[in-house]
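Reviewing the structure listed below.
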Ligand SMILES: *Cc1c(COP(=O)(O)O)cnc(C)c1O
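In the numbering used here, the protein residues as written are 4 to 398.
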């Protein structure tokens, strides 16, 4: 059996998205900036894609900028708010310890450029509170950036409440909604969101396409200089096939959101219930306030990397946290922020499901996983010490 359970890392392009991309590769290949008919046909498709994103975010199409992905959108959002703040003498930014590296590393770069950054601690349930945000806001704060849902543990943040706190204080609010878009409903007006990033490949669109929503009146700084595409906010000939695929995927995901969420949540709960029967296993993040497809646990006494390799050997594609940190030996910054000790954080497993997964696949995972965990524990010196009482069980 071949099972793909790493949908938080990336997803397969849907048939609908692919069907929307194909004509843009062969038929509507004009440059949207060209004045001739082929160019204008391409420009119409670009405008329609923009309108689709605007519709499902409850935004004006003029506020939608296409980028090369979630990382670029995060970089541009934060740099724009920082530049705007600096002009008013406000150089303090607030975010959290468990953001994606696209946010954290941008903030680190800004710190080197003379900005002050406060990273909020992560409560045990993996949900930052609006009170924490409120308490951290200073007179010189220009931006609060809190992700909509975490990419590793899937916990959903109280975005509306945080947005409200920010607006009461006159501070811009950015949310990295890459994991949420297409999976949870988003309304930039009702949720008081000023800047929002999303990425098509996390909701069955193609890779290399992102969206930055920026409320009217917020000037964006350029990361890429060149032509006047995207109203001068992002140079370079538009990736029309990718953008049309992204819009079709977003529409499909938003239209089917409730049905998919119900189906995937049921699969995930069945999976979670089975996995939690394995002794000395801890669930990471709130059991309910999390993305429908996300399960993230720590198994005591084993290494996540070995677990992934053995699962892969059984045809199961999973992750130990985020694709970005795999390959490094450091444990996940998200699990450490959650308060997991290093040795526990090392034994993490994330299974992230989509509507393409089936009950049979879940049953197969539940058949294979406990044996793999037991095997790894048998050969683990750490587990041996735990069993002999030479070190205390932490979970
Ligand atoms: C995947 C991801 C990103 C990066 O998006 P790319 O399109 O891969 O650049 C940013 N933030 C979060 C939360 C993500 O999950």
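Yeah, the Cβ is synthetic: ideal placement off N, Cα and C, and Gly gets one too.
| Check | Outcome |
| --- | --- |
| DSSP state of residue 19, grouped into three classes? | helix |
| Looking at residue 229 and residue 238, is the spacing between their C-beta atoms short of 9 Å? | yes |
| Check whether the segment 255-272 touches the segment 183-190, counting contact only when three or more Cβ pairs, one atom from each stretch, lie closer than 8 Å. | yes |
| With a threshold of 8 Å on Cβ separation, who are the neighbours of residue 6 within its own chain once the five nearest residues in sequence on each side are excluded? | 318, 319, 320, 360, 364, 367, 368 |
| Please state whether DSSP places residue 329 in a helix, a strand or coil. | With a pLDDT of 48 at residue 329, under the threshold of 50, the modelled position of this residue cannot be trusted; read the value that follows with caution. Coil. |
| Does residue 349 pass the burial test, meaning 16 or more other C-beta atoms within 10 Å, or should it be called exposed? | buried |
| So is the beta-carbon of residue 163 under 8 Å away from any non-hydrogen atom of ligand 3? | Questions concerning ligand 3 fall outside what the structure shown contains, since the ligands it does hold are ligand 1. |
| Beta-carbon separation of residue 107 and residue 345 under 9 Å? | no |
| Counting only runs of 3+ residues fully inside the segment 131-155, write out the beta strand (DSSP E) ranges in chain order. | 144-148 |
| Flag residue 137 as yes when its Cβ comes closer than 8 Å to any non-hydrogen atom of ligand 1, and as no otherwise. | no |
| Let's test the definition: count the other Cβ atoms within 10 Å of the Cβ of residue 377 and tell me whether it reaches 16, buried, or not, exposed. | exposed |
| Excluding sequence positions up to five away, which residues of its chain have a Cβ less than 8 Å from the Cβ of residue 397? | 303, 344, 346, 347 |
| Just tell me which of 241, 130, 356 has its CA closest to the CA of residue 45. | 241 |
| Using the rule of at least 16 other Cβ atoms within 10 Å of the residue's Cβ for burial, across every protein chain shown, is residue 312 buried or exposed? | exposed |
| What residue range is occupied by the uninterrupted alpha helix (DSSP H) comprising residue 269? | 260-278 |
| Entirely within the segment 11-64 and at least 4 residues each: give me those alpha helix (DSSP H) ranges in chain order. | 18-29, 40-60 |
| Mind checking which residues open and close the beta strand (DSSP E) that includes residue 120? | 119-123 |
| Hey, could you find the ends of the alpha helix (DSSP H) residue 294 is sitting in? | Note, residue 294: premise wrong, no alpha helix (DSSP H); not H, not E. |
| Under 8 Å, with one C-beta from each stretch per pair, do the segment 110-126 and the segment 349-358 reach the 3-pair mark? | no |
| For residue 77, does the three-state DSSP call read helix, strand or coil? | helix |
| Can you tell me which of the three DSSP states residue 345 falls into? | helix |
| Please determine, among 18, 4, 23, the residue with the shortest C-alpha to C-alpha distance to residue 248. | 23 |
| Decide if residue 195 is buried, meaning its Cβ has at least 16 other Cβ atoms within 10 Å, or exposed. | buried |
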